[in-house]
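In my numbering, the protein residues as written are 110 to 196.
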């Protein structure tokens, strides 16, 4: 699947987009990404375990799907945005 990073996550990963295979859920994807890019999970999950930022699977926000248990397929496109900042 394609995983696309935005804003400060591009700085953290050094990439705009990567391909990942073999993950079945958003939770597995984040675990895999955290091994590749240490600290990315901390950016995307708050201390209560809620989404911090926005994760879209094929244009649909995971908070409107199955959250961390949202199933992923090899042909999916995942867009990951960091938390909004500013004032």
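For glycine and all other residues, C-beta sits at the position ideal for the given N, C-alpha and C.
Buried versus exposed call for residue i [16 or more other C-beta atoms within 10 Å across all chains shown]
i	result
residue 147	exposed
residue 164	buried
residue 112	buried
residue 135	buried
residue 149	buried
Endpoints, beta strand (DSSP E) assigned at residue i
i	result
residue 166	163-166
residue 126	126-128
Range of the contiguous alpha helix (DSSP H) that encloses residue i
i	result
residue 135	135-145
C-beta contact flag for residue i and residue j at 8 Å
i	j	result
residue 129	residue 138	yes
residue 156	residue 121	no
residue 189	residue 114	yes
Other residues of its chain near residue i: CB distance less than 7 Å, five sequence neighbours each side excluded
i	result
residue 174	166
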